[in-house]
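Just so we're aligned, residue 3 is where the sequence shown starts under our numbering, counting upward by one. We treat Cβ as the ideally placed atom computed from N, Cα and C, and that holds for glycine.
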Amino acid sequence: PMFRTLLLSILISTTAAELLLSRGVPSLRGGADFKEEVTGIVFPQTLKASGSTLQFLGAGERKKAILGPFAVNIYAIGLYVDPLGAKNAAANVKDANAAGPVLRDGSFSKALRLVLARSVPADKIGDALAEQLEPRVRGTDAPLASFRDFFRSFPKLDAQQEVVFAQSGSTLEVTAPGGSRTLQSAALCKALFDVYLGDKPVSVNAKNSFADGLLRLVGNM
């Protein structure tokens, strides 16, 4: 009974926090800010990263299972791209299945904006991402240890704080409230975007939203 009571309190507090987060911000398209529907986190239509102004494509939630079917929202993830570069790369893209590889492998500038839905120790975010990256970069010179260590350089990430992963060429710039780090690795760049755009994405909703955004950008949706 005590365990069930504790679990119920966690779920109630989680639901309340997410409801408060999502209140008062309508889900908008067509040039206005976009509200990710599960977390209520808002994404602006543009993002300045690596000296470029990037355009929003879509967003989705990342959940963490806590017990059986129960899960909590950890963060929302949004994708931004150089619109001209992405449009040129996707000239022949006709459906969502073809959109993922173009977004993952395209040489145009792009960025992932990760926004926390709750307070989380920074090293937990870094470790979780590194766990996803490790099999994807195995056998390459990707600086995974440096990537992981960056998240150990500050204590935590609070709700609504963000981490931006901006790729320009083979350079990945990671920016968080605790500072920034620049990593040079084509393998790491591809692996990070594969986490969200590959065959086994950590958020199916995010991948689908990103693909739909690319199809809208090229006029095929």
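Asked                                                                                                                                                             : Found
Since Q47 contacts S111 with CB under 8 Å, what's their CB separation in whole angstroms?                                                                         : Wrong, their Cβ atoms sit about 16 Å apart, outside the cutoff.
Tell me the DSSP secondary structure of Q47 in three-state form.                                                                                                  : coil
Find the nearest neighbour of P103 within the set A144, N222, K209, judged by alpha-carbon distance.                                                              : K209
Give me the DSSP bridge partner(s) of Y77.                                                                                                                        : R64, L118
Mapping DSSP to helix, strand and coil, what is S211?                                                                                                             : helix
Could you check whether I79 and S172 sit closer than 8 Å to each other, using their CB atoms as the reference points?                                             : no
Is the region 67-74 close to the region 35-42, with three or more CB pairs under 8 Å?                                                                             : no
When the distance is taken between beta carbons, is P157 closer than 8 Å to L190?                                                                                 : no
Pick helix, strand or coil for F149, following the three-state DSSP scheme.                                                                                       : helix
Find the nearest neighbour of V220 within the set A91, T177, K66, judged by alpha-carbon distance.                                                                : A91
Considering V186, what are the terminal residues of the alpha helix (DSSP H) in which it resides?                                                                 : In the sequence as displayed, the identity of residue 186 is Gln instead of Val. Careful: Q186 lies outside any alpha helix (DSSP H), inside the beta strand (DSSP E) at 181-186.
For F153, I'd like the list of residues in its chain whose CB is within less than 7 Å of its CB, leaving aside the five on either flank, ordered along the chain. : A124, D125, I127, G128
For the candidate residues G62, T55, F58, A193, whose alpha-carbon lies nearest to that of R138?                                                                  : A193
Please state whether DSSP places Q134 in a helix, a strand or coil.                                                                                               : helix
With a CB to CB cut of under 8 Å and the five nearest residues on each side skipped, what residues in its chain are close to S148?                                : R183, L185
Taking 8 Å as the threshold (C-beta atoms), are A113 and A188 in contact?                                                                                         : no
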